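**Student:**
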Amino acid sequence: MNIIEKLEWRYAVKKYDPAKKLTEAQLNNLITATRLSASAYGLQPYKILVIENPAVREKLRAASYNQSQVTDASQLIVFARVADLQEAHVDAYTQNIAATRNIDHSMLDDFAAVMKGTVKRLDAGSAAAWTAKQAYLALGFLLTAAAAEGIDASPMEGFDPAQYDEILGLKDKGLSAVVIAAVGFRAADDQMQHAKKVRKPLEEFVEVI
Ligand SMILES: Cc1cc2nc3c(=O)[nH]c(=O)nc-3n(C[C@H](O)[C@H](O)[C@H](O)COP(=O)(O)O)c2cc1C
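Our numbering puts the sequence shown at residues 22 to 230.
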């Protein structure tokens with residue numbers, strides 16, 4: 022299958038086969054693909070949590086309008102943004118760059134100043150939106166990588182972020198849930214797999230100028 026055929030194959034699964042689990046290698050591949058997502062400045066102001074614990078997932082399902090994907094998929098992945106973006110996050114990032122690329126930290130002073138300027142300018146609402154955007158982009162990487170690997174995935178926002186934060190203790194970790202994805206394998210009787218894809222007509226979707 023080429024990439025378009027793989028993306029036609031994927032759909033937001035409504036019903037998972039609870040008996041089918043990702044192998045460790047498949048899960049690691051998805052995590053790695055998500056980690057390779059682009060992000061503004063490369064700052065990655067979010068973290069992902071892989072939820073396997075059945076009791077925790079039952080609680081999360083109750084906080085997700087009882088959507089069965091939360092408990093029945095192989096894993097549930099929670100994308101959580103940094104709740105309070107501070108200059109310290111920029112410092113941690115520039116230290117990572119310096120160590121990874123083996124350069125002197127002082128070479129990054131100008132870049133750090135630009136990033137810190139951005140962080141300072143954002144009020145709480147704008148910071149929440151900006152960090153969430155980065156997490157959503159990573160979600161896109163996860164969905165595409167899953168399709169490429171023949172793994173099913175369901176992006177979901179139908180959940181209560183405040184309850185997720187509480188159940189997963191995210192506040193203490195300086196995080197806040199923004200979007201989730203179930204990953205696993207579709208149930209043979211999930212009717213949605215037979216539904217035709219609905220997308221805007223190409224000429225409405227794209228304009229070449
Ligand atoms: C950010 C986001 C949130 C979504 N939330 C839910 C959800 O809570 N429950 C659900 O069943 N589907 C959810 N969906 C799936 C969409 O309904 C689905 O992607 C869309 O209808 C297009 O269909 P397809 O992905 O199967 O091609 C969500 C999708 C996205 C991108």
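Glycine included, C-beta positions come from ideal geometry on N, C-alpha and C.
As the structure is a computational prediction, the values presented were derived from the model and not from experiment.
1. Less than 6 Å between C-beta atoms, sequence neighbours within five positions excluded: which residues of the same chain meet that for SER175?
2. Tell whether a beta-carbon distance below 8 Å holds between VAL77 and ILE98.
3. So, with DSSP's three-state summary, where would you put VAL71?
4. Rounding to the nearest angstrom, what Cα-Cα distance links ALA40 and GLU73 in this structure?
5. Mind the definition here: the stretch 112–120 touches the stretch 211–218 only if three or more C-beta pairs lie below 8 Å; say whether that holds.
6. Hey, is SER175 close to ligand 1, as in C-beta under 7 Å from one of its heavy atoms?
7. Alpha carbon to alpha carbon, how far is LYS141 from SER85? Give it in angstroms, no decimals.
8. Please determine, among ALA159, GLU26 and VAL229, the residue with the shortest C-alpha to C-alpha distance to GLN65.
9. Hey, could you find the ends of the beta strand (DSSP E) ARG102 is sitting in?
10. Hey, how far is the Cα of LEU223 from the Cα of VAL229?
11. Output the distance between the C-alpha atoms of ALA134 and ILE201, rounded to the nearest integer angstrom.
**Tutor:** With the given structure in hand:
1. Counting from 1 along the sequence shown, the entry for residue 175 is found at position 154. So the qualifying residues of the chain are ALA33, VAL34, GLN90 and ALA203.
2. Your numbering for residue 77 matches position 56 in the sequence shown. Your numbering for residue 98 matches position 77 in the sequence shown. Going by C-beta atoms, VAL77 is not nearer than 8 Å to ILE98.
3. On the sequence shown, residue 71 is found 50 positions in, with the first residue counted as 1. Three-state DSSP puts VAL71 in a strand.
4. Working through the sequence shown from its first residue, we reach residue 40 at position 19. Working through the sequence shown from its first residue, we reach residue 73 at position 52. One C-alpha to the other measures close to 14 Å.
5. no
6. Position 154 of the sequence shown, counted from the start, is the residue given in the question as residue 175. SER175: yes, Cβ under 7 Å from ligand 1.
7. As a first step, residue 85 must be located in the sequence shown, where it is residue number 64. As a first step, residue 141 must be located in the sequence shown, where it is residue number 120. Cα to Cα, SER85 sits roughly 34 Å from LYS141.
8. Mapped onto the sequence shown, residue 65 falls at position 44. Of ALA159, GLU26 and VAL229, the residue nearest in Cα terms is ALA159.
9. One-based indexing of the sequence shown puts residue 102 at position 81. Start and end: 96–103.
10. Counting from one through the sequence shown, the residue named residue 223 turns up at place 202. Counting from one through the sequence shown, the residue named residue 229 turns up at place 208. Rounded to the nearest angstrom, the two C-alpha atoms are 11 Å apart.
11. If you number the sequence shown from 1, residue 134 lands on position 113. If you number the sequence shown from 1, residue 201 lands on position 180. Looking at the two C-alpha atoms, the distance is approximately 33 Å.
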